[in-house]
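Novice: Quick note: the sequence shown, position 60, residue 61 per our numbering, numbers continuous.
Note that CB positions come from ideal geometry on N, CA and C, so glycine has one too.
Here the structure is a predicted model, which means the values were calculated and not measured.
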Amino acid sequence: MSKQFFYEKLLSMPTIRRKKRSSPFSVKEIALFLFPIINLLLLFGAKYRNQNLPLSDFQIAYIGNIINLFFVAVLLIEFIFLTFRNKGKFSATNSLPLKFLVVQSIVLIAALTVVVLEIHLPGGYLFGFPVAKIFLWLLFFSAQLIQFIVISYCWLLLFRTESLLYLRTILNSIFIAVFLYGFVFLYAFGTFPVTEKNEPAGEVGVVLGAAVWSKNVPSTILIERLNKARELYQKKKISKIQLTGGNAPGELSEAEAAFNYLIKFPIDPKDIWMEKNTTSTTEQIRFIKNDLIGKKKIMRIVIISDRFHLKRINEISKFYTIKVKLCGSNVTLNSKSLVYYKLREGMALINFWFFAI
C-alpha cells in the first residue's frame, strides 16, 4: 500500500475531542448553599454589634446561637437531598428558595447597617416598647420568617407535596414560629427557687430598675426588689447596693426613686450606688459587665429582680459572658398579671435568643 493510502486513511479517522470538564454543580447551586451561611454570619454580626460586643465574645454553645445554627443546618440538609435527587439541577428547576435567600440577605444587611452606623430611628413608644427597637425587631423577624418559609417549602418538596404548596408553606412557617414560642413560654414559666437557705451572697447586689409611678413613687415590683436588696444587706450577704434605671423626661430616674425609698431604712447611703442611664435589662447587664466587672473589678455580683424575670437575665448574662448570682424578690401577683408577665418574658426571651434584642 502506498503512503498516499495511509495518509487518506488517517484523515478519514474521526477526531477525538477532549470533553470539557464540567462542575457537578452550577453557579446557582453553589449560591444556594452559600447564602444560608452568609446570612448566618450577617445575623451573628448584627446580634453582637447590636449589644456592643466584639465577635471575640462569640460562644457557639450559647443556646441562642445553637438555635440559629440549627435552622441553617436543617436548610442545608434539605438542599443536599433535593440537589442530589434532582442530579445537581435543583436550583435550575426551582429558583424560589434562592430568591428568598437573596431577599433575606438584603434584610439582614439593612439590620446590620442600622446597628453599625447607629442610624437615628424615630423615638417614642408603641405597645410599651421603643419604636426604634420595634423597627429593628421587624427587620430581624422578617429575615427569620423568610428562613422558615424556605425550610417549609423545601420540606414539602422533599415529600413531593405539590397540592396547595404555597398555602401549606405559609401554614408550616406559622406553625414553626408558634411551636418555638410555646416551647420558650413553657421554659420561661419556671422560676428560680429562692429560699432562706440558698439566698446568694456577693460583694454587690444589683437591683434592676422597674417602673416608677406618679409623684416618683416606686411601683410595687420595684419596692419588692428593693426590699430583697435591703434584706440581703441587713443579713450581710451583700455589702453594697447598686441601683439601676433611667427616667422619663421630667421624672426622677428609677435609681433615684429607689434611693429615696432605701434611705428610709437603716442603710448607710455610702453603700448605695446609683446608675441613672440604662433603660432595659440588656443595658443593665452591659453596665454590670463594663462598669462593675470591667472597671471596678467586682466579681461577686448578685442580680436582684422578680423570679419570672430571672431566666431571661440568666440568658442575657451568658450572652455577655459574665457570671452572676441571681436572687428573686418576694413579689406576689394575681394570676392575670402573672400570665401577662410570663407571656411578655417569653416573647422577650425568644427575641433575645434569636436576635439579641
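With Asp272 and Ser240 assumed to form a contact (beta carbons below 8 Å), what rounded beta-carbon distance in angstroms separates them?
Specialist: Between Ser240 and Asp272 the Cβ distance is about 7 Å, and since that is below 8 Å, they are a contact.
Novice: Spatial neighbours of Tyr49 within its chain, please: C-beta separation below 8 Å, excluding the five flanking residues on both sides.
Specialist: Cβ neighbours of Tyr49 beyond the five flanking positions: Pro55, Leu56, Asp58, Phe59 and Ala357.
Novice: Within the same chain, show all residues whose beta-carbon is closer than 8 Å to that of Trp354, passing over the 5 residues directly before and after it, in chain order.
Specialist: Ile64, Gly65, Ile68, Val185 and Glu316.
Novice: Distance check for Glu79 and Leu11, CA to CA, integer angstroms please.
Specialist: Only weak support is given to the placement of Leu11: the predicted model assigns it a pLDDT of 49, under 50, and the value that follows is read from those uncertain coordinates. About 53 Å.
Novice: Judging by CA-CA distance, which residue of Asn261, Ile294, Val303 and Ser254 is the nearest neighbour of Asn278?
Specialist: The residue with the shortest Cα to Cα distance from Asn278 is Ser254.
Novice: How many whole angstroms separate the CB atoms of Glu346 and Arg313, which I take to be in contact at a CB cut-off of 8 Å?
Specialist: With 8 Å as the limit, Glu346 and Arg313 qualify as a contact, their Cβ atoms being about 6 Å apart.
Novice: Would you list, in sequence order, the uninterrupted alpha helix (DSSP H) runs of no fewer than 4 residues that lie entirely inside the segment 147-191?
Specialist: Correct list: 166-190.
Novice: Within the continuous beta strand (DSSP E) that includes Val325, where are the two ends?
Specialist: That residue, Val325, is in no beta strand (DSSP E); it is neither H nor E in DSSP.
Novice: Suppose you measure from the CA of Val340 to the CA of Thr221; what does that come to, to the nearest Å?
Specialist: Their Cα atoms are separated by approximately 17 Å.
Novice: Looking at the secondary structure, which residues open and close the alpha helix (DSSP H) in which Lys229 lies?
Specialist: Taken as a continuous stretch (DSSP letters only), the alpha helix (DSSP H) holding Lys229 covers Thr221 to Gln235.
Novice: Of the residues Lys229, Pro98 and Ala256, which one's Cα is nearest the Cα of Ser281?
Specialist: The candidate whose alpha carbon is nearest that of Ser281 is Ala256.
Novice: Is it buried or exposed for Thr245, if we count other Cβ within 10 angstroms and need 16 for buried?
Specialist: Thr245 should be labelled buried.
Novice: Within a Cβ cutoff of 8 Å, which residues of the same chain sit near Thr114, ignoring the five residues on either side of it in sequence?
Specialist: Excluding sequence neighbours, Thr114 sits near Ile120.
Novice: If we call anything under 8 Å between Cβ atoms a contact, is Arg287 one with Leu263?
Specialist: Result no, Cβ atoms of Arg287 and Leu263 do not sit closer than 8 Å.
Novice: What did DSSP end up calling Leu244 once you bin it into helix, strand or coil?
Specialist: Residue state, collapsed to three classes: strand.
Novice: Buried or exposed, going by whether 16 or more other CB atoms sit within 10 Å of the CB of Lys229?
Specialist: Lys229 should be labelled buried.
Novice: Kindly indicate which three-state DSSP category Val332 falls into: helix, strand or coil?
Specialist: Three-state result, Val332: coil.
Novice: Per DSSP, Trp214 is paired with what?
Specialist: Per DSSP, Val218.
Novice: If I measure Cβ to Cβ from Val151 and keep anything under 7 Å in the same chain, skipping five residues before and after, which residues do I get?
Specialist: Within the same chain, Val151 has close Cβ partners Leu76, Pro98, Phe101 and Leu102.
Novice: Grouping DSSP H, G and I as helix and E and B as strand, with all else coil, what is Ser143?
Specialist: If DSSP states are grouped into helix, strand and coil, Ser143 belongs with the helices.
Novice: For Leu44, does the three-state DSSP call read helix, strand or coil?
Specialist: Of the three classes helix, strand and coil, the one that applies to Leu44 here is helix, per DSSP.
Novice: What residue range is occupied by the uninterrupted alpha helix (DSSP H) comprising Ile107?
Specialist: Per DSSP, Ile107 belongs to the alpha helix (DSSP H) from Leu97 to Leu118.
Novice: With a floor of 3 residues, list each beta strand (DSSP E) that falls wholly inside the segment 261-316, ordered by position along the chain.
Specialist: For the segment 261-316, whole beta strand (DSSP E) runs of length 3 or above, ordered along the chain, are 273-275 and 302-306.
Novice: For the alpha helix (DSSP H) containing Gly65, name the first residue and the last one.
Specialist: Its alpha helix (DSSP H) spans residues Ile64 to Arg86.
Novice: Measure the Cβ-Cβ separation of Leu166 and Ser106 and say whether it is below 8 Å.
Specialist: The answer is no: Cβ separation not under 8 Å.
Novice: Buried or exposed for Phe149, please, with buried defined as at least 16 other CB atoms from any protein chain shown within 10 angstroms of its CB.
Specialist: The residue in question, Phe149, is buried, as its Cβ has 16 or more Cβ neighbours within 10 Å.
Novice: Please say whether Ile302 and Val205 have beta carbons closer to each other than 8 Å?
Specialist: Their beta carbons are under 8 Å apart, which means Val205 touches Ile302 by this criterion.
Novice: Grab me the residues of Ser318's own chain with a C-beta within less than 7 Å of its C-beta, minus the 5 sequence neighbours each way, in chain order.
Specialist: Excluding residues within five positions, the ones whose Cβ falls inside 7 Å are Ile286 and Val325.
Novice: Can you tell me where the beta strand (DSSP E) holding Gly206 begins and where it ends?
Specialist: It spans Val205 to Val208 - the beta strand (DSSP E) in which Gly206 sits, taken as one unbroken run.
Novice: Assuming Leu157 and Thr170 are in contact, meaning their beta carbons sit under 8 Å apart, how far apart are those beta carbons, in whole angstroms?
Specialist: Right, their Cβ atoms sit about 6 Å apart.
Novice: I need the DSSP call for Leu11, collapsed to helix, strand or coil.
Specialist: Reliability of the predicted coordinates at Leu11 is poor, the pLDDT of 49 falling under 50, and the value obtained from them is presented with this limitation in mind. Looking at Leu11 - three-state DSSP - the assignment turns out to be helix.
Novice: At the level of alpha carbons, what is the spacing between Thr196 and Tyr342?
Specialist: Residue confidence for Thr196 is low, a pLDDT of 45 falling below 50, so the modelled location carries little weight; the figure read from the coordinates is stated next. Each residue's alpha carbon lies about 22 Å from the other.
Novice: Looking at the structure shown, is Met348 part of a helix, part of a strand, or coil, going by DSSP?
Specialist: Helix.
Novice: Excluding five sequence neighbours on each side, which residues of the same chain lie with their C-beta closer than 8 Å to the C-beta of Ala144?
Specialist: If we look at Ala144 and ignore the five residues flanking it on each side, its Cβ neighbours are Asn40, Leu44, Gln105, Val108, Leu109 and Ala112.
Novice: State the Cα-Cα distance for the pair Phe82 and Lys88, rounded to the nearest angstrom.
Specialist: Using only the alpha carbons, I get a separation of about 10 Å.
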